[in-house]
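Here's the structure we're looking at; comments come further down.
2 protein chains.
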Amino acid sequence: MSEAQDERVGSDAGEDENTAPTYGLNEEIVQDIQEAIEREDSAYLHEKLEDWHAADVADLIEQLKPKLRLPFMRIMEDRIDPDVYSALDENVREHLVDEMEPAEIAAFINELELDDAVDFLENFEEEDRRDVLNQIPPDERAVLQEGLSYGEDTAGRLMQRDLIAVPEYWNIGQTIDYMRDTENLPDEFYEIFVVDPRHHPIGTIPLNRAMRSKRHVMVRDIMDAEQKLIPVDMDQEEVAYLFKQYRLASAAVVNDDGALIGVITVDDIVDVINEEAEEDILRLGGVSEDDLFSSVYRTIRARFPWLFVNLLTALAASFAISLFDATMEAVIALAVLMPIAASMGGNAGTQALTVAVRALATKELTTANMFRILNKEALVALTNGSIFACMVGTVAWLWFGNPLIGGIVAAALVVNILVAGVIGMIVPVMLERLKIDPAIASGVFVTTVTDIVGFVVFLGLATLILL
Amino acid sequence: MSEAQDERVGSDAGEDENTAPTYGLNEEIVQDIQEAIEREDSAYLHEKLEDWHAADVADLIEQLKPKLRLPFMRIMEDRIDPDVYSALDENVREHLVDEMEPAEIAAFINELELDDAVDFLENFEEEDRRDVLNQIPPDERAVLQEGLSYGEDTAGRLMQRDLIAVPEYWNIGQTIDYMRDTENLPDEFYEIFVVDPRHHPIGTIPLNRAMRSKRHVMVRDIMDAEQKLIPVDMDQEEVAYLFKQYRLASAAVVNDDGALIGVITVDDIVDVINEEAEEDILRLGGVSEDDLFSSVYRTIRARFPWLFVNLLTALAASFAISLFDATMEAVIALAVLMPIAASMGGNAGTQALTVAVRALATKELTTANMFRILNKEALVALTNGSIFACMVGTVAWLWFGNPLIGGIVAAALVVNILVAGVIGMIVPVMLERLKIDPAIASGVFVTTVTDIVGFVVFLGLATLILL
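Top line first, the protein sequences correspond to chains U and H. Counting in my numbering, the first sequence runs from 1 upward without gaps. Counting in my numbering, the second sequence runs from 1 upward without gaps.
Rendered as structure tokens:
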């Protein structure tokens, strides 16, 4: 990480013996730095970390033993780039910020871009936030407070307010001169907005097109009149969808009156896409938040609700089984084979569910094609169910020497896989219609159904046929 | 979708009664267009779709009944923007392209950007691809063939070859004049690369900085010397990681000699991030590919392997249970309660697993902090396990009036949830070390272990204590 010029990443990662797929960080580096913190060797740490990128420093802090994190921050003092805080995992950041004075935090926030600053502040307790805001100059405080006034996870929170907007009767020369005179432009921006006298966006010019035009060319002659405008209260998931769908690099944000008030760039969207994908993955796995760096207490609390729901499900399944205890007592082979249909159904249901949840998130599954796809799902389930029924039926027959038992488990398997496929597709669609996130609640519904159907059909058939 | 100028999306979606979260598309529009296709009303379709964005047309085609897709393409003929094909779901695209002549396909490909064209061609059968390439002018064919020569899912496939590279001794005026004279620049680019005489990148200038500088300013005086370089053979997942980690808008791609050969921009990365997140979600759900638009046969094949693995797992669990059939025959309550410990363990294991898979993907979980996190996971599992053991033990005691049965199920629950938490964290880490995608294989390992441990501990304890 120390070559300042040709910092070629990844390609030379294979040279040392470290197989961990991180770039700058590996166990030895972390160990080395931990030892330097323990002996309070500030000269070594300052030199070692001099050229590190903020994101890598944040990664380092996450990897440090928790009790060394604060000493590290104290040793590094004002050499910590505020962007390090933006890049930190929320749990780790909270823990560190708790130890800082409001004035210290305010100084950091002043150096962040608006969206990062708002993101930073939004996780504070009401009171702490007020203390910090009081330390910030009134002008900037007002901007921050406006940022905080937009709903969490909306376009308003993602946007930058600094942008270049010019009237259509200007030429490129005037535009360039205006840009040269404007302070406070964001580091990254990709287009110039053209606005009417009411400050409504009427067009956009990619920077490269502006640059390649002569000074006398009129703005109105080279602008694209078509553009996607983003209402300030649009949910960030919808904003991300627009960026993906239309491959946008940046887009104008407008208020209720249609006036241009900010700009969102695609690099902010990368974070949103990540967040949304992470949310879906975690929710499908029955975890309410990324708890890797959470405290034990918080992790327990985060995991508890799903386990509790699962407990109710498991008890319901046990109750269903208890209805057939006499049958099992008579033929104990049934107790042995009982989990198979339930487990296969659960698996088939999860497959259908996963495809459906994903297809809903990408808007590929809609009311227009739902029945067609449900049809296909049923056909797939019936076919796979029949194939596996033959296998399981044969194994059960040979195992217990009873063709009837084989037939019963085979029949239960077909029914349960079919139910699983259909339910796995329908439940997410229904939850989406009820405006419940399909990822959060589908799994438990589907496996409850497949467990109970699996046990009841298998044991019920056995009771009818064998007793 | 017909306002050409102020195409404000989303904000007016609430005006009609459609609750589906699509923008232009809803059931009525799809129905309306399907009817127009059926009556071959080309005038209506041409007018209706005139201002549609390629991505929306692609969505429409996906929503159409499969048998209407080809007639639709025939009616629209050369009014279909080639980008529509790039935006189409792979399965749907394949089906349509099968019906087209090589010359027709070649004409489309000629209009696509390089990365889209390569993406389009890579899914063709060897022979079909040759037929299409033969229809393309030699110069462009060579470029395409080079694009195809890079490994699938590598930086080489993502990059654009058209870029602006200037020597450090130029000034901004020369740079701008050069840009004005250069044809074939991509629509979107955000930085100017500075190269040495061997064409090695030595710096980069964001477009906006170049634009705001006077003509006499030297390139070397305003360039950023630090930049992330991407080796052409880097895996796209790593490329996406770099873009996320360092919030890059674009980055230079270099060949083995370190020479600049292309550029990757963040909008291409948005697709990669999506793809990789989708892959993780699907794999965790036991599906090998997004099969929403796949044929029945292909979907069956895609889902079969996991179901088969699950079958083996289920049979192994049944075999474990069969070891205790005498115990169950003696106390049938055991058969009734048997699924609880297995199911709770499976759920707890999936939670730990999901967090671990996600943390490995984001490189937050590493060898440096693995033991610390494993420790925490064990503590969480022990606590949650104990709480649920109390609940389940009490329920089982009251249900069957036997405190011993309550105690046995409680003990089995603690053991299994603890094993689940630890295994759920260790298995993904081990798979990652073995260079197997943790998302694809973790679930089945973990649930196999939790099933078998759940059944064996519960029934084993019961055999020891009750018999």
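Just so it is clear, CB atoms sit at the ideal spot from N, CA and C, and this is done for glycine as well. A quick note: this is a predicted structure, and the numbers were derived from the prediction, not measured.
- Using a CB distance below 8 Å, the part of the region 334 to 352 of chain U facing chain H consists of Ala335, Val336, Leu337, Met338, Pro339, Ile340, Ala342, Ser343, Met344, Asn347, Ala348, Thr350 and Gln351, ordered along the chain.
- The beta carbon of Leu282 of chain H is closer than 8 Å to those of Ser288, Glu289 and Asp290 in its chain, skipping five residues each way along the sequence.
- Counting only residues of its own chain and dropping the five nearest sequence neighbours on each side, Ile269 of chain H has a CB closer than 6 Å to the CB of Ala240 and Phe243.
- At a beta-carbon threshold of 7 Å, the residues of chain H lying near Leu292 of chain U are Val355, Ala359, Glu364, Leu365 and Ile373, ordered along the chain.
- A direct Cα-Cα distance of roughly 25 Å separates Leu398 of chain H from Val453 of chain H.
- For the C-beta of Arg247 of chain H, the chain U residues within less than 7 Å are, from N- to C-terminus, Asp267.
- Under the 8 Å criterion on CB atoms, Phe243 of chain U is classed as interfacial with respect to chain H.
- With a 10 Å radius around the Cβ and a threshold of 16 neighbouring Cβ atoms, Ser294 of chain U comes out buried.
- Counting C-beta pairs with one atom in each stretch, the region 349 to 367 of chain H and the region 326 to 339 of chain U have fewer than three that are closer than 8 Å, which means they do not touch.
- Of U:Phe458, U:Ile423 and U:Ser213, the smallest CA-CA separation from Asp177 of chain H is found for U:Ser213.
- Here DSSP, grouped into helix, strand and coil, assigns Ala165 of chain H to strand.
- In this chain, the beta strand (DSSP E) harbouring Ser250 of chain U covers Ser250 to Val254.
- Cβ-Cβ distances below 7 Å link Gly286 of chain H to Trp306 and Gly443 in the same chain, with the five nearest sequence neighbours on each side left out; the list follows chain order.
- The secondary-structure analysis by DSSP pairs Thr204 of chain H across a beta bridge with H:Phe193 and H:Asp224.
- Annotated three-state conformation of Thr265 of chain U is strand, per DSSP.
- Scanning H:Glu191, H:Ala210, H:Val415 and H:Leu315 for the CA closest to the CA of Ala251 of chain H turns up H:Glu191.
- Membership of Pro305 of chain U in the alpha helix (DSSP H) is indicated by the continuous run Val296 to Ser322.
- Within the same chain, Cβ atoms closer than 6 Å to the Cβ of Ala106 of chain U are found at Val132, Gln135 and Ile136, the five residues on either side in sequence being excluded.
- Within chain U, no residue has its CB atom less than 8 Å from the CB of Val453 of chain H, the nearest being about 14 Å off.
- In the three-state DSSP reduction, Thr367 of chain U falls in the coil class, being neither helix nor strand.
- Asn171 of chain H is bridged by DSSP to H:Met218.
- Nearest to Ala277 of chain H by C-alpha distance, out of H:Ile264, H:Glu237 and H:Val296, is H:Glu237.
- Residue pairing from DSSP places Ile230 of chain H in a beta bridge opposite H:Val253.
- Close to His53 of chain H, with beta-carbon spacing below 7 Å, are these residues of chain U in chain order: Tyr246.
- Three or more Cβ pairs closer than 8 Å define a contact, and the region 424 to 439 of chain U falls short of that threshold against the region 317 to 336 of chain U.
- In this structure, the CA atom of Leu121 of chain U is about 47 Å from the CA atom of Arg372 of chain U.
- At least one CB of chain H lies nearer than 8 Å to the CB of Trp306 of chain U.
- As for any alpha helix (DSSP H) of minimum length 4 sitting wholly inside the region 332 to 394 of chain U, the runs are 333 to 361, ordered along the chain.
- In the structure shown, Gln236 of chain U adopts helical secondary structure according to DSSP, grouped into three states.
- The beta carbon of Gln63 of chain U sits closer than 8 Å to some beta carbon of chain H.
- Considered as a whole, the region 89 to 118 of chain U harbours 90 to 97 and 102 to 111 as its complete alpha helix (DSSP H) runs of no fewer than 4 residues, in chain order.
- In this structure, the CA atom of Glu127 of chain H is about 13 Å from the CA atom of Asp98 of chain H.
- Taken atom to atom, the span from the alpha-carbon of Val456 of chain H to that of Arg303 of chain U is near 25 Å.
- Sequence-distant Cβ neighbours of Ala36 of chain H in its own chain, meaning closer than 8 Å and more than five residues away, are Tyr44, Leu45 and Lys48.
- Note on geometry: alpha-carbon atoms of Glu183 of chain U and Lys65 of chain U lie some 42 Å from one another.
- A Cβ-Cβ separation of about 11 Å leaves Leu60 of chain U out of contact with Val92 of chain U under the 8 Å criterion.
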